[in-house]
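Colleague: Just so we're on the same page, the numbering used here is the position in the sequence shown counted from 1, plus 96. Glycine is no exception: its CB is placed at the ideal position from the N, C-alpha and C atoms. The structure is given below, and queries will be raised subsequently.
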Amino acid sequence: MAMFTSRKQEPATPTAEPPRAPSPDSNRAPSSSAQPGGLLSGGVSIKGSVKFRNALLIDGEVEGEIDSTGALTIGEHARIRGTIRAKSVIVRGTIDGNIFASERCELGAGCTLRGDIEAPRLVVDENATFLGSAKIATK
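Written out as structure tokens, the structure reads:
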């Protein structure tokens with residue numbers, strides 16, 4: 097019968113996904129937080145209060161209060177004037193104000209903090225500038 101052929105079916109090959117353009121963050125080091133967070137990039141300036149829940153990287157300027165239940169990273173180009181209240185704070189830029197961290201505060205190399213710190217854990221890099229006092233106590 098001519099209806100049937102003896103040719104075998106070739107297995108279907110999965111189609112390849114088109115190549116993706118690299119994301120703007122592909123050149124950055126991976127963040128320490130697995131949760132996605134927000135970004136306040138360089139060139140952005142805010143006067144007022146900033147509130148967020150999970151994670152935020154600030155690399156711009158903020159004049160006012162920053163309040164969070166999450167993790168805050170102050171980037172190398174950031175300039176903050178005001179009080180910071182967050183679960184954890186990593187400082188790599190410049191802050192003129194006090195930091196209240198409920199879990200941890202880290203002052204990285206090259207940062208400048210003019211203000212006081214209150215946190216149960218404090219990590220200070222040897223190349224950090226810290227002009228203020230620190231209250232390190234568990235609650």
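1) On a CA-only basis, which of S141, V219, R149 and E161 is nearest G133? Give me that one, please.
2) Select from F196, R188, R181 and R200 the residue whose C-alpha is nearest the C-alpha of T225.
3) Could you please give me the residues that DSSP links to A174 through a beta bridge?
4) Taking all protein chains shown into account, do 16 or more other C-beta atoms lie within 10 angstroms of the C-beta of L136, making it buried, or fewer, making it exposed?
5) Between which two residues does the beta strand (DSSP E) carrying R200 extend?
6) What does the Cβ neighbour count give for G156, buried or exposed, with the cut at 16 atoms within 10 Å?
7) According to DSSP, simplified to helix, strand and coil, what is D192?
8) Counting along the chain, where does the beta strand (DSSP E) carrying G134 start and finish?
9) Cβ of D212 within 7 Å of Cβ of N223?
10) Considering Cα atoms alone, identify which of I142, A182 and I170 is closest to G209.
11) Quick one, which of G160, E161, R217 and E159 has its alpha-carbon nearest I186's?
12) Using 7 Å as the threshold, is the C-beta distance between G160 and G138 below it?
13) So D163 and R181 are in contact, right, with Cβ under 8 Å, and what is the actual spacing, rounded?
14) Could you spell out the range, first to last residue, of the beta strand (DSSP E) harbouring E214?
Modeller: Taking the coordinates as given:
1) Translated into positions along the sequence shown, residue 133 becomes position 37. The candidate whose alpha carbon is nearest that of G133 is R149.
2) Stepping through the sequence shown from its first residue, residue 225 is reached at position 129. For the options F196, R188, R181 and R200, the alpha carbon positioned closest to that of T225 is the one of R188.
3) Position 78 of the sequence shown holds residue 174. For A174, which the question treats as bridged, DSSP gives no partner whatsoever.
4) For the purposes of this step, residue 136 is taken as residue 40 along the sequence shown, with counting starting at 1. That one is buried.
5) Within the sequence shown, numbered from 1, the residue matching residue 200 stands at position 104. Its beta strand (DSSP E) spans residues I195 to L203.
6) If you number the sequence shown from 1, residue 156 lands on position 60. When all chains shown are included, G156 counts as buried.
7) As a first step, residue 192 is located in the sequence shown; it is residue number 96 there, counting from the start. Looking at D192 - three-state DSSP - the assignment turns out to be strand.
8) Indexing the sequence shown from 1 puts residue 134 at position 38. Per DSSP, G134 belongs to the beta strand (DSSP E) from G134 to L136.
9) Position 116 of the sequence shown, counted from the start, is the residue given in the question as residue 212. Position 127 of the sequence shown, counted from the start, is the residue given in the question as residue 223. When the beta-carbon positions are compared, D212 and N223 stay at least 7 Å from each other.
10) Translated into the one-based positions of the sequence shown, residue 209 becomes position 113. Note that residue 209 is Leu in the sequence shown here, rather than Gly. The shortest C-alpha separation from L209 is found at I170.
11) Within the sequence shown, numbered from 1, the residue matching residue 186 stands at position 90. Among G160, E161, R217 and E159, the Cα nearest to that of I186 belongs to R217.
12) On the sequence shown, residue 160 is found 64 positions in, with the first residue counted as 1. On the sequence shown, residue 138 is found 42 positions in, with the first residue counted as 1. Cβ atoms of G160 and G138: not closer than 7 Å.
13) Start at 1 with the first residue of the sequence shown, and residue 163 comes out as number 67. Start at 1 with the first residue of the sequence shown, and residue 181 comes out as number 85. Cβ-Cβ separation between D163 and R181: approximately 5 Å, consistent with a contact (criterion under 8 Å).
14) The residue you call residue 214 lines up with position 118 of the sequence shown. Element bounds for E214: I213 to A215.
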